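Enquirer:
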Amino acid sequence: MRQKKYNEPSRPNDMEKLPDILSKLKKEDQDAYRVPEGYFDSLSARVLTKLDQEDQAVAKMPRPESRRKWYQTFWRKPISAAALGLASLLLIVMLFPRDANEYDLSQISDETLEEYLADALINEDIAMLEEYIPLDDMSPDEEEYIDALIDEIELDELESYYYE
Amino acid sequence: MDPKSDDEILHLLRGEGTMDLGFRYLMEKFQERLYWHIRRMIGTHDDTDDILQDSLIKVYRNIDRFEGKSGLYTWLYRIATNESLSFLRKQKRSKQDALDDHSDRLAAMNADSYFDESQALAKLHKAVAELPDKQKAVFNLKYFDEMSYKDIAEVLGGSIGSLKASYHHATKKIQRALEAE
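Structure follows, in structure tokens:
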């Protein structure tokens, strides 16, 4: 009996051998996937146009310094605005006499108040992002709009803001 | 345009004032291969078109990061594969469960006017669409692009042994799916 050499793989082609059905399909000439007529001829022009549009959008963006400043205020601004709004509301309630039509804060549940503030913060953030990042090719009604908006943020820059 | 070697394309891409010309040569040379690779990962033409354009733009913006340690084409495939995998991940996140995701993908393929169901390969593409994403990438690169495991490892990462095992599992699953038809 032939002795197996050290390191000799057992049945080396076993994993590579294609099942007959796949070998047969490999010889098929016609693919089921098609492309529109002239697609590859116009592709490079479309890519270059898209590149150009992106460059123009970047040129319209704030310079890096003001960008950094924007990031620094990005997280603080909504929180400051919400805190200021809440403080003003409390002041009004304390200073002015209550009448039957007046809102009584104690009647509003904590959950409702939290939900209102969270919505306000999210709306504020998105409004600021929209102002900062133009997404001309998408409508805010599209499902992936917010994902696309968030994708445009440079994570490196956000990280550097946190770790500085 | 005259075909150029990878080195000539890279030289143009890195030269002063010749970057756009180099990029045109690069697109001319690789766009079809990359298109078909992405199409086999994604299934529908419109999504493939978006992902291919984004991948090519990423190549243009990051050409300075190409160190030449791997081949140009494996680097391009890596970018295209990552873009495709990230698209599939996003799609999956928006679905309730994996079953929804698979049936939606098959439905999208059937509805695509650039997919011909009457062709023999239609069944194969549908069977590939059912594979887990990583296995799908390994299978496509090996079966359709006929890449070596060494090159596939450069594109996807991982050891050659694990890639071989992935390919083996993928072919078995596809064989079962095709024979069950």
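Residue numbers (the working numbering), protein chains in the order written: chain X, 1 to 164; chain F, 1001 to 1181.
Cβ atoms here follow ideal geometry from the backbone N, Cα and C, with glycine treated the same way.
Given the structure is predicted, the values throughout are model-derived calculations rather than measurements.
Can you tell me where the alpha helix (DSSP H) with Lys1123(F) in it begins and where it stops?
Expert: Mapped onto the second sequence, residue 1123(F) falls at position 123. Looking at the DSSP string, the run of the alpha helix (DSSP H) that includes Lys1123(F) is 1120-1129.
Enquirer: Bridge partners for Tyr33(X) per DSSP, in chain order?
Expert: Here the question's residue 33(X) lines up with position 33 in the first sequence. BP columns for Tyr33(X) point to Phe1115(F).
Enquirer: Is it the case that the Cβ atoms of Asp1112(F) and Phe1087(F) are separated by a distance below 9 Å?
Expert: To locate residue 1112(F), count along the second sequence from 1; it is residue 112. To locate residue 1087(F), count along the second sequence from 1; it is residue 87. Contact flag unset, no.
Enquirer: According to DSSP, simplified to helix, strand and coil, what is Gly1015(F)?
Expert: The sequence position of residue 1015(F) within the second sequence is 15, counting from 1. Three-state result, Gly1015(F): coil.
Enquirer: Please classify Lys1142(F): is it buried, with 16 or more other beta-carbons within 10 angstroms of its beta-carbon, or exposed?
Expert: Residue mapping note: residue 1142(F) aligns to position 142 of the second sequence, counting from 1. Buried, because 16 or more other Cβ atoms sit within 10 Å of the Cβ of Lys1142(F).
Enquirer: Can you pull the chain A residues whose beta carbon is under 7 Å from the beta carbon of Tyr1060(F), in chain order?
Expert: The structure shown contains no chain A; its protein chains are X and F.
Enquirer: Please confirm whether Gln56(X) has its beta-carbon closer than 9 Å to some beta-carbon of chain F.
Expert: Taking the first residue of the first sequence as 1, we reach residue 56(X) at position 56. No, its Cβ sits nowhere closer than 9 Å to a Cβ of chain F.
Enquirer: According to DSSP, is Leu18(X) part of a helix, a strand, or is it coil?
Expert: Numbered from its first residue, the first sequence carries residue 18(X) at position 18. Coil, per DSSP.
Enquirer: To the nearest angstrom, report how far apart Gln1031(F) and Leu1124(F) are at their CA atoms.
Expert: Start at 1 with the first residue of the second sequence, and residue 1031(F) comes out as number 31. Start at 1 with the first residue of the second sequence, and residue 1124(F) comes out as number 124. Using only the alpha carbons, I get a separation of about 23 Å.
Enquirer: Just to confirm my understanding: we take Ile1152(F), look at its own chain, exclude 5 residues before and 5 after, and list those with CB closer than 7 Å. What are they?
Expert: Translated into positions along the second sequence, residue 1152(F) becomes position 152. Closer than 7 Å at Cβ, skipping near neighbours: Val1138, Leu1141, Lys1142, Leu1163.
Enquirer: Just mark Gln1135(F) as buried or exposed, buried being the case when its beta carbon has 16 or more other beta carbons within 10 Å.
Expert: Residue numbering aside, residue 1135(F) sits at position 135 when the second sequence is read from its first letter. Buried, by the Cβ-count rule.
Enquirer: Of all the CB atoms in chain F, is at least one closer than 9 Å to the CB of Ala59(X)?
Expert: The sequence position of residue 59(X) within the first sequence is 59, counting from 1. No, no contact with chain F.
Enquirer: Give me the subset of the stretch 1152-1171 of chain F whose CB atoms are less than 9 Å from a CB atom of chain X, sorted by chain position.
Expert: Cβ contacts with chain X: Lys1164, Ala1165, Tyr1167, His1168, Thr1171.
Enquirer: Tell me which residues share the same chain as Thr1044(F) and place their Cβ nearer than 7 Å to its Cβ, disregarding the 5 neighbours each side in the sequence.
Expert: Stepping through the second sequence from its first residue, residue 1044(F) is reached at position 44. Closer than 7 Å at the Cβ level, and outside the excluded window around Thr1044(F), lie Ala1108, Met1109, Asp1112.
Enquirer: Given this structure, state the Cα-to-Cα distance separating Asp1006(F) from Leu1072(F), to the nearest angstrom.
Expert: Numbered from 1 along the second sequence, position 6 holds the residue referred to as residue 1006(F). Numbered from 1 along the second sequence, position 72 holds the residue referred to as residue 1072(F). The alpha-carbon atoms of Asp1006(F) and Leu1072(F) are separated by roughly 7 Å.
Enquirer: Provide the residue span of the alpha helix (DSSP H) that contains Tyr39(X), from first to last.
Expert: In the first sequence, the residue the question calls residue 39(X) occupies position 39. Element bounds for Tyr39(X): 39-60.
Enquirer: Check for me: the alpha helix (DSSP H) holding Lys1092(F) runs from which residue to which?
Expert: Sequence index remark: in the second sequence, residue 1092(F) carries index 92 (1-based). Here the alpha helix (DSSP H) through Lys1092(F) covers 1072-1093.
Enquirer: Quick check on Ser1005(F): does DSSP put it in helix, strand or coil?
Expert: Sequence index remark: in the second sequence, residue 1005(F) carries index 5 (1-based). Ser1005(F) falls in the coil class under three-state DSSP.
Enquirer: Are there 16 or more other CB atoms within 10 angstroms of the CB of Ser1094(F), so buried, or fewer, so exposed?
Expert: Position 94 of the second sequence, counting from 1, holds the residue named residue 1094(F). Exposed, by the Cβ-count rule.
Enquirer: Ile1174(F) versus chain X: which residues are under 9 Å apart at the beta carbon?
Expert: In the second sequence, residue 1174(F) corresponds to position 174, counting from 1. Result: Pro19, Ile21, Leu22.
Enquirer: Is DSSP giving Lys1069(F) helix, strand or coil here?
Expert: Within the second sequence, residue 1069(F) is the residue found at index 69, counting from 1. Residue state, collapsed to three classes: coil.
Enquirer: Secondary structure at Met1147(F), three-state DSSP: helix, strand or coil?
Expert: Taking the first residue of the second sequence as 1, we reach residue 1147(F) at position 147. In this structure, Met1147(F) counts as coil in the three-state DSSP scheme.
Enquirer: Helix, strand or coil for Thr1044(F), going by three-state DSSP, please let me know.
Expert: Start at 1 with the first residue of the second sequence, and residue 1044(F) comes out as number 44. Coil, per DSSP.
Enquirer: Quick check: what's the CA-CA separation for Glu1224(F) versus Lys1058(F)?
Expert: Because chain F is modelled from 1001 through 1181, residue 1224(F) falls outside the range shown and cannot be assessed.
Enquirer: One question on the structure: do Arg1040(F) and Tyr33(X) come within less than 9 Å of each other, judged by their Cβ atoms?
Expert: Numbered from 1 along the second sequence, position 40 holds the residue referred to as residue 1040(F). Numbered from 1 along the first sequence, position 33 holds the residue referred to as residue 33(X). Their beta carbons are under 9 Å apart, which means Arg1040(F) touches Tyr33(X) by this criterion.
Enquirer: What do you get for Val58(X), buried or exposed, if any count of 16 or more other CB atoms within 10 angstroms of its CB means buried?
Expert: Here residue 58(X) refers to the residue found at position 58 of the first sequence. With fewer than 16 other Cβ atoms within 10 Å, it is exposed.
Enquirer: Strictly below 9 Å CB to CB, what residues from chain X border Asp1116(F)?
Expert: Against the second sequence, residue 1116(F) aligns to sequence position 116. Result: Gln30, Asp31, Ala32, Tyr33, Arg34.
Enquirer: Quick one: grab the DSSP three-state call for Ser1162(F).
Expert: In the second sequence, residue 1162(F) corresponds to position 162, counting from 1. The answer is helix: DSSP assigns Ser1162(F) an H, G or I state.
Enquirer: Locate the alpha helix (DSSP H) running through Lys1142(F), then write down its first and last residues.
Expert: On the second sequence, position 142 is the one that residue 1142(F) refers to. From DSSP, Lys1142(F) is part of no alpha helix (DSSP H); its letter is neither H nor E.
Enquirer: Suppose the cutoff is 7 Å on Cβ atoms and the five residues either side in sequence are ignored; what does the same chain contact list for Asp1133(F) look like?
Expert: Reading the second sequence from its first residue, position 133 is the one you call residue 1133(F). Taken in chain order, the residues that qualify are Leu1085, Leu1088.
Enquirer: Taking CB distances under 9 Å as the criterion, tell me whether Val47(X) reaches chain F.
Expert: The residue you call residue 47(X) lines up with position 47 of the first sequence. Yes - at least one Cβ of chain F is within 9 Å of the one on Val47(X).
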